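Enquirer: First the structure, which I've put down as structure tokens, then a few questions once you've had a look.
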Ligand SMILES: CC(=O)N[C@@H]1[C@@H](OP(=O)(O)OP(=O)(O)OC[C@H]2O[C@@H](n3ccc(=O)[nH]c3=O)[C@H](O)[C@@H]2O)O[C@H](CO)[C@@H](O)[C@@H]1O
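In UniProt numbering, the protein residues as written are 1 to 382.
Structural data, given as structure tokens:
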């Protein structure tokens, strides 16, 4: 006899997955006919835990698989074995993964090996280049081949899936859940400013400066890219009207390049990675954002912050089409030139500083929860 409540097994392991899944986990938990099992892999231990704490998620299973210096193949193999064992124990009716991490790919594959259906949140992002972003572009395509429910954030993402011959009835344009997380967190900070109070000192110290907020951690930028970005920031900070705020990703390669190429300077503020409310507050304080992050490309347009994307290609063309984002790559001169153009030409700045939210309206998670609920109503025999 089948269970009355359907069991959903949600696998994730990194900061961005936790940010983009907490609204979904909550929406699913509000359905009495569904039971959720959250399984974290610990792929990015510290950054993941920051988000879990703030979102109030206590994972049911913590695989804690992070090992210092682990290779992608060792990580993938360990994830596959560990997730598979948990699936055998939990016997879920459906597995949910998000985005393009190795944890998500391994979760989908372990589910497929057990013929458990897979829902993919943030489906259909494609750069068209298997090496950029690497290995995420391949992870996305593998998950798409295995999933039977594809939650595309935008119409363009849905079209990319149809172009790969995924059946239209399995593709749903829901918006990106990061906008749910962003709007909710912004609301929480307004109601309780102490959630982001750690930035008050920095905001006071930088008052009167135009703030350039920077994040960079993409693997393909770890060699020459991050060095070129650091040189650009050092030049930008020579302007007396500008301050650079750089929450640095814990990857040691980034820290050591910055130690060499980004000298101590009163107008360059390097911090540890900020927790989510503090990062959202930093986005609000920023005049210009420089980033190679996927999530930041979705958040900055929703807040009307001009964003220069430190990549050669992007799967998030919607921000560029909306006019809020511009692809600038990682050439030092180009970055400096584009930042100075925004600082010195008010019309250029105003054109990019319009708030658009091409990636969602903040209601994606409730749409996804409803689609998952309905999938059981339609596919379960009477
Ligand atoms: C190749 C690619 O594009 N892949 C993406 C990748 O993630 P990413 O590039 O978006 O990763 P990050 O930049 O680490 O995270 C970003 C989030 O972190 C918040 N943030 C940032 C700095 C900080 O100091 N404190 C914070 O809280 C910030 O607001 C934002 O929401 O994996 C995801 C999962 O599958 C995919 O969705 C997504 O395609």
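Note that CB positions come from ideal geometry on N, CA and C, so glycine has one too. As the structure is a computational prediction, the values presented were derived from the model and not from experiment.
For residue 294, verify whether its CB is less than 7 angstroms away from any heavy atom of ligand 1.
Expert: Along the chain shown, read from residue 1 onward, the residue named residue 294 stands at position 294. Yes - ligand 1 has a heavy atom lying nearer than 7 angstroms to the Cβ of residue 294.
Enquirer: Considering only their Cβ atoms, is the gap separating residue 7 from residue 33 smaller than 8 angstroms?
Expert: Along the chain shown, one-based indexing puts residue 33 at 33. Along the chain shown, one-based indexing puts residue 7 at 7. Result no, Cβ atoms of residue 33 and residue 7 do not sit closer than 8 angstroms.
Enquirer: Near residue 383, what residues of its chain come up, given a Cβ to Cβ distance below 6 angstroms and the 5 sequence neighbours on each side ignored?
Expert: The question about residue 383 has no answer, for the chain in this structure spans 1 to 382.
Enquirer: With residue 39 as the anchor, note down where its alpha helix (DSSP H) starts and where it stops.
Expert: The sequence position of residue 39 within the chain shown is 39, counting from 1. From DSSP, residue 39 is part of no alpha helix (DSSP H) but of the beta strand (DSSP E) over 34-40.
Enquirer: Taking 7 angstroms as the cut-off, is the CB of residue 20 close to at least one heavy atom of ligand 1?
Expert: Taking the first residue of the chain shown as 1, we reach residue 20 at position 20. Answer for residue 20: yes, Cβ within range of ligand 1.
Enquirer: Can you tell me where the alpha helix (DSSP H) with residue 248 in it begins and where it stops?
Expert: Here residue 248 refers to the residue found at position 248 of the chain shown. Run containing residue 248: none; DSSP gives neither H nor E here.
Enquirer: Quick check: the Cα distance between residue 314 and residue 176, rounded to an integer number of angstroms?
Expert: In the chain shown, counting from the first residue as 1, residue 314 sits at position 314. In the chain shown, counting from the first residue as 1, residue 176 sits at position 176. Residue 314 and residue 176: Cα-Cα distance of roughly 16 angstroms.
Enquirer: Go to residue 215, then tell me how far its alpha helix (DSSP H) extends in each direction, as first and last residue.
Expert: Within the chain shown, residue 215 is the residue found at index 215, counting from 1. Residue 215 -> not in any alpha helix (DSSP H); beta strand (DSSP E) instead, spanning 210-215.
Enquirer: At what residues does the alpha helix (DSSP H) containing residue 77 begin and finish?
Expert: As a first step, residue 77 must be located in the chain shown, where it is residue number 77. Segment 72-90, the alpha helix (DSSP H) holding residue 77.
Enquirer: Judging by CA-CA distance, which residue of 31, 140, 21 is the nearest neighbour of residue 38?
Expert: Within the chain shown, residue 38 is the residue found at index 38, counting from 1. The residue with the shortest Cα to Cα distance from residue 38 is 21.
Enquirer: Which parts of the region 286-359 are runs of the beta strand (DSSP E), unbroken and 3 residues or longer, counting only runs that do not cross its ends?
Expert: Taking only runs of at least 3 residues, the beta strand (DSSP E) segments lying wholly in the region 286-359 are 288-291, 307-309, 325-327.
Enquirer: When you compare only the Cα positions, how much space is there between residue 263 and residue 236?
Expert: For the purposes of this step, residue 263 is identified with residue 263 of the chain shown, where counting begins at 1. For the purposes of this step, residue 236 is identified with residue 236 of the chain shown, where counting begins at 1. Roughly 13 angstroms between the two C-alpha positions.
Enquirer: Could you tell me whether any non-hydrogen atom of ligand 1 is closer than 7 angstroms to the CB of residue 104?
Expert: Locating residue 104 in the chain shown gives position 104, where the first residue counts as 1. Flag set: Cβ of residue 104 near ligand 1.
Enquirer: Going by C-alpha distance, which of 270, 318, 228 is nearest residue 333?
Expert: Walking along the chain shown from the start, residue 333 turns up at place 333. Checked all of 270, 318, 228; the closest Cα to residue 333 is 228.
Enquirer: Express the C-alpha separation of residue 119 and residue 148 in angstroms, rounding to a whole number.
Expert: As a working note, residue 148 is residue 148 in the chain shown. As a working note, residue 119 is residue 119 in the chain shown. Distance between the alpha carbons of residue 148 and residue 119 is about 6 angstroms.
Enquirer: Ligand 1 heavy atoms versus the CB of residue 112: any closer than 7 angstroms?
Expert: Here residue 112 is taken as the residue at index 112 of the chain shown, counted from 1. Flag unset: Cβ of residue 112 not near ligand 1.
Enquirer: For a quick check, are the C-beta atoms of residue 65 and residue 87 less than 8 angstroms apart?
Expert: Here the question's residue 65 lines up with position 65 in the chain shown. Here the question's residue 87 lines up with position 87 in the chain shown. It is not a contact, given that the beta carbons lie outside the stated cut-off.
Enquirer: Taking 8 angstroms as the threshold, find out whether the region 242-251 comes into contact with the region 317-326 through three or more Cβ pairs.
Expert: Contact between the region 242-251 and the region 317-326 is absent, because fewer than three Cβ pairs lie under 8 angstroms.
Enquirer: Would residue 11 and residue 124 be called neighbours here (beta carbons separated by less than 8 angstroms)?
Expert: As a position in the chain shown, residue 11 is number 11, starting the count at 1. As a position in the chain shown, residue 124 is number 124, starting the count at 1. Going by C-beta atoms, residue 11 is not nearer than 8 angstroms to residue 124.
Enquirer: Who are the Cβ neighbours of residue 1 in its own chain at under 8 angstroms, not counting the five residues just before and after it?
Expert: Within the chain shown, numbered from 1, the residue matching residue 1 stands at position 1. Low confidence applies to residue 1: its pLDDT is 47, below 50, so where it sits in the model is not reliable enough to give any reading.
Enquirer: With three or more C-beta pairs closer than 8 angstroms as the rule, is the region 190-204 touching the region 276-284?
Expert: Touching, yes.
Enquirer: How would you call residue 70, buried or exposed, if buried means at least 16 neighbouring beta carbons within 10 angstroms?
Expert: One-based indexing of the chain shown puts residue 70 at position 70. Counting Cβ neighbours within 10 Å, residue 70 comes out exposed, since fewer than 16 surround it.
Enquirer: Taking buried to mean at least 16 other C-beta atoms within 10 Å of its own C-beta, is residue 367 buried or exposed?
Expert: On the chain shown, position 367 is the one that residue 367 refers to. Buried is the call here.
Enquirer: Which runs of the beta strand (DSSP E) at least 3 residues long sit entirely within the region 2-28? Give them in chain order.
Expert: Fully enclosed beta strand (DSSP E) runs of 3 or longer: 6-12.
Enquirer: So, are the CB atoms of residue 43 and residue 84 less than 8 angstroms apart?
Expert: Mapped onto the chain shown, residue 43 falls at position 43. Mapped onto the chain shown, residue 84 falls at position 84. Going by C-beta atoms, residue 43 is not nearer than 8 angstroms to residue 84.
Enquirer: Confirm the yes/no value for this check: CB of residue 324, any heavy atom of ligand 1, distance under 7 angstroms.
Expert: Residue numbering aside, residue 324 sits at position 324 when the chain shown is read from its first letter. For ligand 1, not one heavy atom lies less than 7 angstroms from the Cβ of residue 324.
Enquirer: If I measure Cβ to Cβ from residue 116 and keep anything under 7 angstroms in the same chain, skipping five residues before and after, which residues do I get?
Expert: Locating residue 116 in the chain shown gives position 116, where the first residue counts as 1. 87, 92, 94, 95.
Enquirer: Quick one: what does DSSP say residue 49 is sitting in, helix, strand or coil?
Expert: On the chain shown, position 49 is the one that residue 49 refers to. Residue 49 falls in the helix class under three-state DSSP.
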